[in-house]
């Protein structure tokens, strides 16, 4: 079909989203897309989520570091609704996640250049002493996620008196 | 804007990690409100300097009965900047709003708790703030979430009518549960609380910390009483 004339095409906004979880979490694009739509539907209802769109255009997640980012397409004028819906994503496939909209742009390229790829994703494992016990931790950009018996604890290098390097 | 957090061992992330993440989310401060039996050891000044955020020492009193809560409020009032009392039963809600030493009545609408005009008037008189706890909206689903939203709207109607003081929090227990102020404001808008209402509630934590610090500082004598310029230090 012939595409629409420019004044009839919908206008979009692109939300750059930062995602964080514990190390080892595996989150893929499909799972994140599903959660976006569920969150939209639960908060905005079917008509609201249909109008907001909330489709994931780009997705990247580093399982080692437990951080990732995504680009979400939203209809112009629905960015606040989309923000609210994204804030309600608390877990993906049973893995707790933190979600934050880091910026909004009118074009994909501007969103990529301004808001994506700013966070360090390099991580490494170190041994730390947490709660008087030696533990393995994943260190990324001063953040230290300590592996406990059945869970993780979120710490930073300030929690250790000695220099981690 | 400030966020009131539960840090390790009451939560999963340490004060430092919560402060670091909150600073990245453009919060101006965090209030550490661990429960009395799960206190965190931390150096508020060092963490604050490192991440450029105000770290406020507080406590949440989660007692079984009013006598116990009353004792705890008296014990901690002199040392802690902010005291919150976990509500949720008619007796605890009433105790908190009638006690001017309490700063915040946390989660007044959870479980069997409820708020009415009598409590609202008492809260206005004693300067006790009602907490709008958004954690249930952020982290539950289905029918439970519907009821939580209903209870928040009821509380909003009462607070609005009596112009009662209030605070807003997402009550994070880890850095993953933190949400940025703008995201919380957008969520408030969807719940019918308006974004300026949510922002004012997040700012109230900071105002409260500033006021209590001034009152607890050594230079404060009594309300309205100041050391004059003619007074000489001996």
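Protein chains in written order, with full-length UniProt numbering: chain A, 1 to 165; chain B, 1 to 234.
Cβ coordinates follow ideal geometry from the N, Cα and C atoms, glycine included.
All values reported here derive from a predicted model rather than from experimental measurement.
Query, Result
"For residue 130 of chain A, the residue or residues it bridges with in DSSP", "A/133"
"Cα-Cα separation between residue 8 of chain A and residue 106 of chain B, rounded to whole angstroms", "50 Å"
"For residue 21 of chain B, the first and last residue of its enclosing alpha helix (DSSP H)", "15-24"
"Residue from B/42, B/140, B/62, B/223 with nearest C-alpha to residue 39 of chain A", "B/140"
"Boundaries of the beta strand (DSSP E) in which residue 155 of chain A is found, first to last residue", "152-156"
"Below-8 Å beta-carbon distance, residue 65 of chain A vs any chain B residue", "no"
"Reduced DSSP secondary structure (H/G/I, E/B, other) of residue 78 of chain A", "coil"
"Where residue 60 of chain B sits in the DSSP three-state scheme", "strand"
"Chain-ordered neighbours of residue 152 of chain B on chain A, where CB pairs are closer than 7 Å", "What residue 152 of chain B touches in chain A: nothing, since even the nearest Cβ is about 14 Å away."
"Neighbour flag for residue 51 of chain A against chain B, beta carbons, 8 Å", "no"
"Residue 10 of chain A burial status per 10 Å Cβ neighbour count (16 or more: buried)", "exposed"
"Assumed close pair residue 127 of chain A, residue 134 of chain A - CB separation to whole angstroms, cut-off 8 Å", "6 Å"
"Assumed close pair residue 176 of chain B, residue 84 of chain A - CB separation to whole angstroms, cut-off 8 Å", "Not confirmed; about 18 Å, so no contact."
"Within chain A, partners of residue 47 of chain B - CB distance below 9 Å", "156, 158"
"Short CB-CB distance (under 8 Å) between residue 152 of chain A and chain B", "yes"
"C-beta atoms of residue 52 of chain A and residue 75 of chain A nearer than 8 Å", "yes"
"Which of helix, strand or coil DSSP assigns to residue 145 of chain A", "strand"
"Whole-angstrom distance between residue 55 of chain B and residue 119 of chain B, CA atom to CA atom", "30 Å"
"Chain B contact for residue 147 of chain A (CB, 8 Å cutoff)", "no"
"Beta bridge counterpart(s) of residue 105 of chain B as assigned by DSSP", "B/85, B/130"
"Per DSSP, the bridge partner or partners of residue 167 of chain B", "B/131"
"C-beta contact flag for residue 89 of chain A and residue 99 of chain A at 8 Å", "yes"
"Start-to-end residues for the beta strand (DSSP E) that takes in residue 62 of chain A", "55-62"
"Cβ-based burial, residue 27 of chain B [other Cβ within 10 Å; buried from 16]", "buried"
"Of the listed residues B/9, B/70, B/124, B/199, nearest to residue 164 of chain B (C-alpha basis)", "B/124"
"Cβ shell of residue 121 of chain B (< 7 Å), same chain only, five flanking positions each side left out", "162"
"Opposing strand residues paired with residue 183 of chain A [DSSP bridges]", "Summary: the structure shown does not reach residue 183 of chain A, with chain A confined to residues 1 through 165, and so no result is reported for it."
"Strand pairing of residue 98 of chain B, partner residues [DSSP]", "According to DSSP, which records beta bridges pairwise, residue 98 of chain B is partnered with nothing at all."
"Closer than 7 Å at the beta carbon, the chain B residues around residue 80 of chain A", "186, 189"
"Min CB distance residue 60 of chain A to chain B below 8 Å", "no"
"C-alpha gap between residue 16 of chain A and residue 103 of chain A, whole angstroms", "5 Å"
"Own chain partners of residue 147 of chain A with C-beta closer than 7 Å, once the 5 adjacent residues on each side are dropped", "135, 136, 137"
"Whole-Å CB distance - residue 84 of chain B paired with residue 104 of chain B, under 8 Å assumed", "4 Å"
"Check whether residue 67 of chain B and residue 129 of chain B have beta carbons under 8 Å apart", "no"
"Outcome for residue 81 of chain A when other beta-carbon atoms lying within 10 angstroms are tallied against a minimum of 16", "buried"
"Proximity test, residue 205 of chain B beta-carbon vs the ligand SAM heavy atom, cut-off 7 Å", "In terms of ligand content, the structure shown is empty, and the ligand SAM therefore cannot be addressed."
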